[in-house]
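Residue numbers (my numbering), protein chains in the order written: chain A, 1 to 199; chain B, 200 to 398; chain C, 399 to 597; chain D, 598 to 796. All residues carry an ideal CB built from backbone N, CA and C; glycine is no exception. Following: one structure in structure tokens, then a few remarks.
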DNA sequence: GTATAACCGAGACGGTACGTCCCGTCTTACC
DNA sequence: GGTAAGACGGGACGTACCGTCTCGGTTATAC
């Protein structure tokens, strides 16, 4: 007599198939296809899997894509908590590193895609992937405003918009190849000090 | 016998139909559909037009969407050329006003959409709609760096990224309703002065 | 101003496609497939036609098959009306001739197929193809009973069952090759005179 | 130490499951489904049995159906051997009784089903269920021809066709409800005496 | 008594065909 | 020659079953 989690009846789902599906999805995205051009049939074929096996796990293409994108995320970095500048750089550099890979580059574009239709990947990716990072940034900014490192009148949302917006900008419309390693650092410095001439 | 530009034989194309098609397209986009969910058949039905009439003018859905989006653009504002701050605010405020309409809000999302597939709307919209505005901003920044209004070491691309990125950020992930009227002004001020505490 | 039938809007349906579909269907049936093994996709492929073109005309496979079978039917033969024997032979010989072709042989098997599910081909084929012939036979039998050529106590349904049943029997379970040319004649004679020893 | 047939190791197959499967199959057929609409999954569900348990016993749906149909057959009746008429009636009445049940009615339809594809139920049911009965009828007819009860020139196959054909006719296309109890008798009499007016 | 072997239910697996939707093209009659 | 209507061949959708394959668990005989 056990109180163990469960041990559902029947043959368990194949982890191998699941991985193959995710891989195939990311592969196809990396080839430059948008969500619209992605087809479940192509994913199934590339993964060597029946369509059923996909639909058993995800209700539709968008759900699958959101999950596939999620697997590419690095975890939040540990924050030293000593300087606002260092913490912001650490947080932004995670994204910079991710976007450094070609595959992830395509992925981020897909993630930002399209309108707010219920099936849209964009909103859901935002909730799932971006929100935690934004919250972390927001927290660092609040701390900085409180302890005097930042302007006491700082509009947190505006700070967030400058930092995130710039990073997304480079990811989406920046130079084709890898992003420069010091990008996060330079974004943070420009955002902190402004672009106007120092007095 | 005329020497006029053309005067092609046969019945001329109906301007009314063309407008109805564009309107129908924007309507459907405003209802929150992404490019993928848009269908030519739905557009034709809503516009009360045959599919032929659409395909006679645009080779595919994406071309139509790009054209439809284009009709929403305001022209570049005249720049006073006296202060970098004022000029930047003027340039950014055009976008802010556009994005103020719900319809345009959806449209901008669509415009940012998706990957770099050849049919993708994103890249083409960028070329057609964003590039001129970005060039204008870039020009203002260069002028400012040259005449001492801005940091002489300013990385123009970084300035552009901060300004545009923040605006896009608010358009895409900002509050649901209209954007505040002073948004452009506040973005520019934060970008110019930075968010760190003044000495 | 016309009062003509109609002249429906849009491109008219292609008769060529329709014929190709029917032909393909009969071909595949003639290859020995039952209704169950028939697939719309195979029919479409063989006919060089899109599935849509089939579904635009027939709601499902069974409807298509019923229509296809119908095209194989010969019209009712003219009846001399002089002798019951001659008229019955004429009526039965139509079926014998049809069943003489291999293709039709398969077809008749399909036509007799299966249960009485709403989708079943059997019942519908019966209504459409067999009923008129049975009615004709029944009429000849009634006439014969009335004018003294047949037993005045004859049960018409029983006569019909003997005649039709025997013919179907040979079609379904008779010798593999063509049915003998005098089959109808012999069936009629046996049915008329009985198989018992003459007094 | 036994010399019995076998006594295989391991858990023996469940007779209960086997019966439940057959029952479920006949049930579903009786609901008017044809072989095509029958699904193994539905049978398994209705029988409360795993699909494996079915496939362990029968290679495919058709085999199962043939076996299921077989369970409905009555054994051949003992023949008095005194009169051809009585023996024929006895043989035909077995079928009449079987077909009297609604379930069997559907079953006989299924049994006659469809084309001659290798998987077809029809041919196999014929071999298994009809052949012995037909042989018995044929034997009675031969005996009658030999001993003078029947026409010395009788074509045995024709006699068989009249008798069997008529019975099948009533089973397949006769009145909806039960078949009349004297049907076999009346068929035999009509076949023996013919339907033409007595001299 | 305890292996061991075949069974059992459940249900996931790679597939095939379904019937639907939309693509971009085409063919009508009408204007 | 443009237009609305709508049929065309094609391709992907999401669903239903196919027949096969694991699972954990059960029930027999054989050791």
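Distance CB(residue i)-CB(residue j) smaller than 8 Å
| i | j | result |
| --- | --- | --- |
| residue 760 of chain D | residue 734 of chain D | yes |
| residue 395 of chain B | residue 193 of chain A | yes |
| residue 161 of chain A | residue 187 of chain A | no |
| residue 681 of chain D | residue 730 of chain D | no |
| residue 446 of chain C | residue 418 of chain C | yes |
| residue 464 of chain C | residue 633 of chain D | no |
| residue 452 of chain C | residue 438 of chain C | yes |
| residue 659 of chain D | residue 695 of chain D | no |
| residue 656 of chain D | residue 674 of chain D | no |
| residue 623 of chain D | residue 693 of chain D | no |
| residue 526 of chain C | residue 468 of chain C | yes |
| residue 57 of chain A | residue 18 of chain A | yes |
Rounded straight-line distance, which links the Cα of residue j to that of residue i
| i | j | result |
| --- | --- | --- |
| residue 661 of chain D | residue 430 of chain C | 22 Å |
| residue 210 of chain B | residue 251 of chain B | 15 Å |
| residue 744 of chain D | residue 643 of chain D | 54 Å |
| residue 490 of chain C | residue 567 of chain C | 13 Å |
| residue 722 of chain D | residue 665 of chain D | 10 Å |
| residue 72 of chain A | residue 104 of chain A | 7 Å |
| residue 300 of chain B | residue 123 of chain A | 20 Å |
| residue 550 of chain C | residue 537 of chain C | 15 Å |
| residue 769 of chain D | residue 703 of chain D | 9 Å |
| residue 189 of chain A | residue 358 of chain B | 12 Å |
| residue 344 of chain B | residue 38 of chain A | 45 Å |
| residue 222 of chain B | residue 281 of chain B | 39 Å |
| residue 130 of chain A | residue 641 of chain D | 47 Å |
| residue 87 of chain A | residue 8 of chain A | 44 Å |
| residue 573 of chain C | residue 718 of chain D | 19 Å |
| residue 738 of chain D | residue 774 of chain D | 30 Å |
| residue 94 of chain A | residue 448 of chain C | 50 Å |
| residue 732 of chain D | residue 754 of chain D | 11 Å |
| residue 390 of chain B | residue 191 of chain A | 6 Å |
| residue 795 of chain D | residue 747 of chain D | 17 Å |
| residue 154 of chain A | residue 212 of chain B | 56 Å |
Chain-ordered neighbours of residue i on chain C, where CB pairs are closer than 8 Å
| i | result |
| --- | --- |
| residue 756 of chain D | 588 and 593 |
Interface flag, residue i vs chain B, CB-CB below 8 Å
| i | result |
| --- | --- |
| residue 170 of chain A | yes |
Chain C contact residues for residue i, given Cβ-Cβ distances below 9 Å
| i | result |
| --- | --- |
| residue 770 of chain D | 524, 528, 532, 559 and 562 |
| residue 746 of chain D | 594 and 595 |
Interface partners of residue i on chain B, CB under 8 Å
| i | result |
| --- | --- |
| residue 186 of chain A | 354 and 357 |
beta-carbon residue i near the ligand SAM non-hydrogen atom, thresh 7 Å
| i | result |
| --- | --- |
| residue 380 of chain B | The model on display carries no ligand, and the ligand SAM is accordingly not part of it. |
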